[in-house]
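Everything below concerns the one structure shown next.
There are 2 protein chains.
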Amino acid sequence: MTITIALDIGGTHMRVAAFPESEKKPTFHKRIRTYTNGETSIDRLINLILEAIPPGERVDAVGIAVPGPVDPEKGIILTAPNLPEWEGVPIPQRIESEIGAPAFLGNDANLAALGEWRYGAGRGHHDLLYFTISTGIGGGVISNDRLLLGAHGLAAELGHVTILPDGPLCGCGQRGHLEALASGTGIAAYVAEQLASGRSSSLIGKPETKDISQAAKNGDELANEAFQRAGHYLGLGVANYLMIFNPSIVIFGGGVTQVGDLLFDPMRETLNKSVLSKHYLQGLVITTAELGDNTGLYGALALARDSILSNPKL
Amino acid sequence: MTITIALDIGGTHMRVAAFPESEKKPTFHKRIRTYTNGETSIDRLINLILEAIPPGERVDAVGIAVPGPVDPEKGIILTAPNLPEWEGVPIPQRIESEIGAPAFLGNDANLAALGEWRYGAGRGHHDLLYFTISTGIGGGVISNDRLLLGAHGLAAELGHVTILPDGPLCGCGQRGHLEALASGTGIAAYVAEQLASGRSSSLIGKPETKDISQAAKNGDELANEAFQRAGHYLGLGVANYLMIFNPSIVIFGGGVTQVGDLLFDPMRETLNKSVLSKHYLQGLVITTAELGDNTGLYGALALARDSILSNPKL
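Chains as they are written, first to last, in the working numbering: chain A, 106 to 419; chain B, 106 to 419.
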C-alpha cells in the first residue's frame, strides 16, 4: 500500500496524518508541540513524519501547510514570524533526503481553500473563495478549478487589501486593511480604543474577542457595535471579491466566525447592498468550513496528491 | 485558406477585421457606425461580417468584443447601456445561422487583457493585470495562463471595488469605487466639485479630462491635485490587486493613461508604499498597452482562436 503524508505546521503545534492511497480517512494522526528543548523544530518535523509511516509502507508524497508565504518553485517559506528558523530553508529537499519521497510546501490559508474545495464545503464548485478569520484574516481562491498562486506564489492575501484608507493599523504595518477592520485583533483593538476614550460598557481594559462576543450576546452596546462594524467592513471586502472573482461559493473558517450571525448578519446586509448587480448573488453559497481544524491538513493532502499527478515522473 | 473574423463593438462604432489562419495581420479591416437610420445594429453587424469574408473563403470562427458583462455559456450580453437592443439576444446563434461559423462573445475589457497577453505587451507572462482607464475603469486578468471569468463570466470588474467607503458616487450607483476615484469621469467630477466650492483655478465650470490635463501641464494647482489624487487611489487599488493576484505585469490602456506621469507618478508612489512586501514588486513590469485601439479586436481574435481549439468538434 502507498500512503501520502500531510502536515499542518503552526507556531505552537504541528500535526501529521497518514492517508492510504485514494482515501480520505487517515490511518495515523498526531499532534505535537512545534518547539521543545533540545531539538530543532525541523528535526521534530522529520521525526514526526517517520513516526507516521507504517513499517514497510511506501510514501508517495508529503504535503505541508505552513504559516507564511511560500515560493512554490524554490520550495521555501519566504517569511514566517512564528517559525523564524524555517525561513529560506529548503525543507522539501531535507525531507526528500530523509524520507525518500518528494515533499511540497503550501501557504496554510491557500491550502485550507484547497482542502475545503476537494474534501469539504466547496466540493463540486469551480470558483471558490475561502476566508479564515481569527487573529488575522487569511484567504485562498480556487478559480476555474485551480488554486490561485500568482507569478511567485504570493497571491490571495485577501486580508491585506486596503478597505478604509488611513484606517486602523494592521499587523503588517499598513493602515485600513480588511484584517485591521474585521479580524479578532481588529475587533479587540476597536473595543479597547473606544473604552480608552471613555465609552461605557460592561467590558473593561483590553478585552479579548471571546469576551467581546460574550458581552455582545449579553446585550452590551459597544460589543454589538464592534461586531456590526467588523461585519460591515467584511461585507465591503467580500463584495469587492465577488466583483473580482465571481465565485459560486464563499466559505468562512477560523475562530472568530464561531460568533455566527453577530458577524454574518451585518456582513450580509452590506454585501447585498454593495454588489454591482444581482447576478453576483444568484445561486451564491455563503457557508462555513466543514473540515474545522483539519482544513490545512486536508489541503496539504490535496497538494501532495495533485503534485504527484502533475509530475508523473515522481 | 481559412479565416477568423474579429469584431469590436462599441456604442458609437463597430469594427471588423479578417485574419488568415495563424496570422496576426488582418487582410480586411473596417469601421462603421453602430447605429444608423433604417437598419438595426445587429443587421449591420451581420452585413459587416459578410463584407469581411473574402469570396470563396471558409470562416472558422467569429470572436466579438462587446461593451458589457457576458454570460459565456448562454452567449448573451447581460447588460449593455450603450447597446440596449443587444441585451439578452443570442447573437452567436444568429451569426452562426447567417455565416455558418461558430461565434463567441466576450466582455471588451476582458478581451483587451487577452489581446495584450497574446499579441501585445503581455506576451510571455503567465499572470497579467490589464486596466483600461477612460470615462470608466475596466479590467481583465490572466491568471496562470487563463482569462479569469468566474462562475458566470462576471469576474474582473476591477473598477467596481470599494476603495473609499462613502466616497464619491460611481456611475454604477455605488460609492467610493476605484472608477469613481480614478477614471476620467472621477477626475472631472472632483475638479467640478472643487470649482463649485470656490477653489481658484485656470479652469472654470465643468471641464473635461483633457482640459484638466492641459491645465495641469500649465501648472494649474487644482488640476495637478486632481491627477495626484486619482493616481493615489489608483495606486491603492493596484496595490490591492498585486496582493490578490501577484501578477508579473500590469498593463494600462485607455484614453486617460495618455496623460502619463501626471497619473503614473503618484500611482507608483502610493503603490510602492502600499504593498505587503517587496516581493510583490520584484521583477514586476508596469507598462502601457501596445495594441492601442486594437486591443479589443485582437482579444476577439484570441477568443475565437482559443474557442475553436478548445472545441475541436467545431
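Just so it is clear, CB atoms sit at the ideal spot from N, CA and C, and this is done for glycine as well.
Beta-carbon proximity list for Thr107(A), same chain, < 8 Å, skipping 5 on both sides: Once the five neighbours on either side are set aside, the close Cβ partners of Thr107(A) are Pro125, Glu126, Glu162, Arg163, Val164 and Asp165.
Is Leu419(B) helix, strand or coil when you go by DSSP? Interpretation of Leu419(B) is limited by its pLDDT of 47, a score under 50 that renders its predicted location unreliable; no figure is taken from the coordinates.
Flag this pair as yes or no: are the beta carbons of Gly168(A) and Ser239(A) separated by less than 7 Å? Going by C-beta atoms, Gly168(A) is not nearer than 7 Å to Ser239(A).
Are at least three pairs of beta-carbons, each pair with one atom in the stretch 302-310 of chain A and one in the stretch 215-230 of chain B, less than 8 Å apart? With a cut-off of 8 Å, the stretch 215-230 of chain B and the stretch 302-310 of chain A do not count as touching, because too few Cβ pairs lie within range.
Pull up the distance between the alpha-carbon of Ala321(B) and that of Ala331(B), whole angstroms please. Rounded to whole angstroms, Ala321(B) to Ala331(B) spans 9 Å at the Cα level.
Coarse secondary structure for Lys129(A), derived from DSSP in three states: Lys129(A) sits in coil when the DSSP states are folded into three classes, being neither helix nor strand.
Residue burial classification, Ser237(A) (beta-carbon count within 10 angstroms, cutoff 16): Correcting the residue type first, residue 237(A) is Thr in the shown sequence and not Ser. The residue in question, Thr237(A), is buried, as its Cβ has 16 or more Cβ neighbours within 10 Å.
What are the start and end residues of each continuous alpha helix (DSSP H) run of 4 or more residues lying completely inside the stretch 289-361 of chain A, in chain order? You should have 289-301, 314-322 and 326-350.
Between Gly255(B) and chain A, is any beta-carbon pair separated by less than 7 Å? Closer than 7 Å to some Cβ of chain A, the Cβ of Gly255(B) qualifies, so yes.
Please state whether DSSP places Ser382(B) in a helix, a strand or coil. Note: Ser382(B) maps to coil in three-state DSSP.
Between which two residues does the alpha helix (DSSP H) containing Asp213(A) stretch? That run of the alpha helix (DSSP H) goes Asp213 to Tyr224.
In whole angstroms, give me the CA-to-CA distance for His265(A) and Gly220(B). The straight-line gap from Cα to Cα measures roughly 30 Å.
For a test of the three-state rule: what should DSSP assign to Ile391(A), helix, strand or coil? Three-state result, Ile391(A): strand.
So, does the stretch 142-151 of chain B touch the stretch 207-227 of chain B, judging by three or more C-beta pairs under 8 Å? Contact between the stretch 142-151 of chain B and the stretch 207-227 of chain B is absent: fewer than three C-beta pairs spanning the two stretches fall below 8 Å.
On the premise that Val390(A) lies in contact with Ile354(A), defined as a C-beta separation below 8 Å, what is that separation, rounded to the nearest angstrom? Yes, Ile354(A) and Val390(A) are in contact; Cβ-Cβ is about 4 Å, under 8 Å.
With a 10 Å radius around its C-beta and 16 neighbouring C-beta atoms as the bar for buried, classify Gly404(A) as buried or exposed. For Gly404(A), the number of other beta carbons within 10 angstroms of its own is at least 16, and it is reported as buried.
To the nearest angstrom, report how far apart Glu326(A) and Ala294(B) are at their CA atoms. For Glu326(A) and Ala294(B), the gap between their C-alpha atoms comes out near 39 Å.
From Asp113(A) to Ile242(A), what distance separates their C-alpha atoms? Asp113(A) and Ile242(A): Cα-Cα distance of roughly 18 Å.
Once DSSP output is grouped into helix, strand and coil, what is the label at Ile154(B)? Three-state result, Ile154(B): helix.
Can you give me the Cβ contacts of Lys311(B) inside the same chain, cut-off strictly under 6 Å, excluding the 5 residues immediately before and after it? When the five nearest sequence neighbours on each side are left out, the beta carbons in the same chain lying within less than 6 Å of the beta carbon of Lys311(B) are those of Ala297, in order along the chain.
Buried versus exposed, by CB contacts within 10 Å (16 or more), Ala185(B): Buried.
Using CA coordinates, which residue listed in Gly358(B), Ala287(B) and Gly258(B) is at the minimum distance from Gly272(B)? Ranked by Cα distance from Gly272(B), the options Gly358(B), Ala287(B) and Gly258(B) are led by Ala287(B).
Using 7 Å as the threshold, is the C-beta distance between Gly245(A) and Ala218(A) below it? Against a cut-off of 7 Å, the Cβ pair of Ala218(A) and Gly245(A) comes out as a contact.
Under 9 Å by beta carbon: chain A residues contacting Asn323(B): Those within 9 Å of Asn323(B) in chain A number zero; the least Cβ separation is about 29 Å.
Alpha-carbon spacing of Gly115(A) relative to Ile349(B), whole angstroms: Cα-Cα distance, rounded: 23 Å.
Length of the line joining the Cα atoms of Gly205(B) and Ser248(B): About 33 Å.
Could you name the residues of chain B that Tyr385(A) contacts, counting a contact when the two beta carbons are closer than 7 Å? Ordered by position in chain B, the residues that pass the 7 Å Cβ test against Tyr385(A) are Leu259.
So with CB distances below 7 Å, who are the chain B contacts of Asp232(A)? Those are Gly255 and Ala256, listed as they occur along chain B.
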